[in-house]
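Residue numbers (this note's numbering): 1055 to 1190.
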């Protein structure tokens, strides 16, 4: 049950929280973004939210907790990979004015994503340790 609760909190961050944070003038309605960039942003938000709701179905209805956590790891781990590779494709978490959302000197998005990945790994650990093992 604890593992499901942890995964649910993680899903709520990327399936509900991200759209709330990004459907505004800094992202979806950013006048400096091209229409092509905006459609990719909205697509990513809808895709991640859809995946999140599928994960909730997997963990609560189908009882596929580890699979749900693994799918969520792919979603949130992908952000960390994109962040790590940003210099290769000209990406940046800085705004056009050069500012960046930092918490204790760490990019806020990276901090949240890393925290979610750690929480998902913890949920997988808890789930695999609490599953009953068949006797030999």
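Don't be surprised by glycine CBs; every beta carbon is placed ideally from N, CA and C.
Keep in mind that this is a model prediction, so the values were computed, not measured.
Can you name the residues that DSSP bridges to residue i?
| i | result |
| --- | --- |
| residue 1077 | Answer by DSSP bridge pairing: none, since residue 1077 is not bridged. |
What do you reckon, are the CB atoms on residue i and residue j nearer than 8 Å?
| i | j | result |
| --- | --- | --- |
| residue 1177 | residue 1123 | yes |
| residue 1183 | residue 1119 | no |
| residue 1065 | residue 1110 | yes |
| residue 1112 | residue 1073 | no |
Using the rule of at least 16 other Cβ atoms within 10 Å of the residue's Cβ for burial, across every protein chain shown, is residue i buried or exposed?
| i | result |
| --- | --- |
| residue 1179 | exposed |
| residue 1216 | Outside the shown range of the chain (1055 to 1190) lies residue 1216, about which nothing can therefore be said. |
| residue 1121 | exposed |
| residue 1130 | buried |
| residue 1181 | buried |
| residue 1106 | buried |
| residue 1102 | buried |
| residue 1150 | exposed |
(request) Starting from the N-terminal side, write out each stretch of the beta strand (DSSP E) that is 3 residues or longer and does not extend beyond the stretch 1092 to 1144. (result) none
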